[in-house]
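I have placed the structure first, in the form of structure tokens, so that the comments after it can refer back to it.
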Amino acid sequence: MVVAPKSHIPLVHDLINPFETALAQYERATNRLQLDENVVEYMKWPHREFTVNFPVKRDTGKVEMFTGYRVHHSTVMGPSKGGIRFSTNVTLDEVRALAMWMTWKCALVNLPYGGAKGGVLVDPKALSAHEIEALTRRYASELIPLISPHSDIPAPDMGTTPQMMAWIMDTYSMTVGYAVPAIVTGKPINIGGSQGRTEATGRGVVVTMMEALKRHGRNTPGDIRVVIQGFGNVGSHAAAHAHDMGYKVVAVSDVYGGIYNANGLNIPSVRSYVAETGGLTGYPNAEPVSNDELLVLPCEVLIPAAMEGQITEHNAGDIQAQFIVEGANGPTTPEADDIINDRGIVLVPDILANAGGVVVSYFEWVQDLQAFFWDEEEIFRQLERILIKAYDATMRTVEEYNVDMRTAAQMTAIKRVADALMTRGFYP
Ligand code: GLU
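If you use my numbering, the sequence shown corresponds to residues 167 to 594, in order.
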């Protein structure tokens with residue numbers, strides 16, 4: 167992989183380009199649908215792309231330049247929706263891919279949204295608390311022409327937190343002169359955040375995992391070994407919920423590597439260890455494993471919940487899991503998809519498996535706009551209802567077209583956006 171130079175000027179990944187993955191998936195899905203060719207061409211293109219280079223004054227007094235993006239892939243179904251990522255891997259093509267996946271994800275779960283994504287090329291852990299606040303606020307103020315509760319609503323993603331969403335909400339609110347909670351989702355609850363939003367993505371991953379297992383007659387949680395790559399917001403909450411539901415979580419990992427215990431990890435104790443030490447390294451009662459080894463451990467369910475391009479043609483043949491549930495966006499390359507499908511592994515695709523986050527973001531936005539808040543029980547009940555409905559819709563497409571679940575989920579979503587586009591017509 168190309169390492170960005172000190173100046174942070176972005177280079178495109180030369181190894182796996184996520185936008186190439188997204189376009190290859192799009193081609194597969196649209197090849198099976200009888201759509202107007204103008205519509206197919208239109209939906210391939212990101213609608214708007216914004217690049218900004220902006221200064222942040224470091225604690226030393228030196229001013230450093232950072233690069234950020236925001237891509238609106240589609241606004242056909244409503245305002246665009248999608249998270250903001252702070253990572254040193256951010257490229258325009260990555261943000262384009264993530265924005266396109268948001269369009270399909272929102273359409274699959276029937277939210278009145280288009281898709282967007284933002285990213286800043288930065289390692290948030292390398293900045294002080296004051297510097298990260300300055301960076302977040304400056305990026306938010308650069309986004310003001312592009313965002314509003316009725317045009318584009320950001321949220322957290324890799325490397326961003328509820329506190330950062332609070333700074334975005336505050337920056338926008340101070341600019342317009344009044345508090346606008348609905349400008350961003352994934353906020354802390356005391357400023358208009360929703361119950362259950364923090365856990366929503368990980369919880370949704372487990373809801374869809376359970377649905378997949380149930381449909382294959384695997385109804386004894388204690389016999390199901392689960393391996394999770396990634397212990398950020400998605401992976402850690404998926405691990406916690408799977409553990410609470412009686413599944414045996416045998417391995418988890420973070421960027422530095424993983425831990426494995428064939429008899430099952432005590433997830434509450436792993437989470438306390440991470441809260442105390444900042445990582446999984448050195449956790450007692452488990453063997454250390456590398457991230458590469460983790461993906462091919464013996465288990466029934468593999469949950470990639472880290473980042474794109476993890477399951478490739480190089481390791482797909484060695485995966486031992488019978489189910490893959492994608493907590494991350496785009497963790498599997500199209501070449502790996504072919505191997506996984508040939509091997510008969512059930513793969514619950516990202517736009518279905520990790521849609522829980524944006525579903526509860528939608529609940530948060532609705533609650534903010536109505537200034538009327540729901541309790542956690544109501545949130546989780548509605549979340550489950552929506553995810554199961556999207557699972558059913560995906561399986562109907564699997565059966566009707568005899569395709570794999572990823573292609574089916576994308577076909578279902580793309581068809582909805584295409585129909586809406588045809589109804590609206592091409593302007594002017
Ligand atoms: N970043 C999350 C995702 O990839 C959530 C987006 C949102 O809540 O708007 O789905």
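Even for Gly, the Cβ is constructed at its ideal location relative to N, Cα and C.
Just so you know, these numbers come straight off a predicted model, no measurement behind them.
Beta bridge counterpart(s) of residue i as assigned by DSSP
i, result
"Asn219", "Thr233"
"His239", "Looking at the DSSP assignment, His239 forms no beta bridge with any residue, so it has no partner."
"Arg251", "Gly285"
"Val415", "Val392"
"Leu468", "Val393, Ile490"
"Gly280", "Ser246"
For residue i, the three-state DSSP class (helix, strand or coil)
i, result
"Gln395", "strand"
"Ser173", "Because Ser173 sits at a pLDDT of 36, beneath the cut-off of 50, its placement in the model cannot be relied upon, and the following sentence gives the value as read from the coordinates. Coil, per DSSP."
"Phe529", "helix"
"Tyr426", "strand"
"Val168", "Model confidence at Val168 stands at a pLDDT of 40, short of 50, so the residue's coordinates are unreliable and nothing is read from them."
"Val514", "strand"
"Thr498", "strand"
"Val261", "helix"
"Asp541", "coil"
"Glu459", "helix"
"Ala521", "coil"
"His179", "Confidence at His179 is low in this model, with a pLDDT of 41, below 50, so its placement is unreliable and no value can be given for it."
"Asp202", "coil"
"Glu453", "strand"
"Ile477", "strand"
"Ala322", "Note that residue 322 is Pro in the sequence shown here, rather than Ala. It is a strand residue."
Distance between beta carbons of residue j and residue i, contact taken as under 8 Å
i, j, result
"Gly401", "Asn457", "So it is not a contact: roughly 12 Å between Cβ atoms."
"Val462", "Gln486", "6 Å"
"Leu518", "Tyr557", "6 Å"
"Thr217", "Tyr235", "6 Å"
"Glu542", "Gly362", "5 Å"
"Val416", "Ala428", "6 Å"
"Val524", "Leu277", "7 Å"
Cβ pair residue i, residue j closer than 9 Å
i, j, result
"Pro212", "Met266", "yes"
"Ala472", "Arg509", "no"
"Arg369", "Ala404", "yes"
"Gly285", "Phe252", "yes"
"Ala452", "Leu431", "yes"
"Ile390", "Ala348", "no"
"Arg562", "Ala273", "no"
"Val350", "Met335", "yes"
"Ala584", "Val206", "yes"
"Ala321", "Ser527", "yes"
"Ile250", "Lys283", "yes"
"His296", "Asp225", "yes"
"Val242", "Met209", "yes"
"Gly388", "Tyr413", "yes"
"Thr573", "Arg304", "no"
"Leu287", "Thr326", "no"
"Pro497", "Gln476", "yes"
"Asp259", "Asn183", "yes"
"Ile433", "Tyr449", "no"
"Met331", "Pro354", "yes"
"Phe220", "Glu308", "yes"
heavy atom of the ligand HEM below 8 Å from residue i C-beta
i, result
"Asp336", "What this structure holds is the ligand GLU, not the ligand HEM."
Contact with chain B by residue i, beta-carbon distance below 9 Å
i, result
"Pro184", "The structure shown has no chain B; it contains just one protein chain."
Legend entry - Cβ contact (3+ pairs, closer than 8 Å) linking the stretch 362-382 and the stretch 504-514: yes
Inset, instruction - Evaluate contact between the stretch 382-391 and the stretch 517-535, counting only Cβ atoms and requiring at least three cross-stretch pairs below 8 Å. - result: no
Legend entry - Meets three-Cβ-pair contact criterion under 8 Å: the stretch 389-405 and the stretch 467-484: yes
Legend entry - Inter-stretch contact (C-beta, 8 Å, three-pair minimum) for the stretch 490-509 and the stretch 546-560: no
Inset, instruction - Count the C-beta pairs between the stretch 261-279 and the stretch 225-233 that are closer than 8 Å, then say yes if the count reaches three, no if not. - result: no
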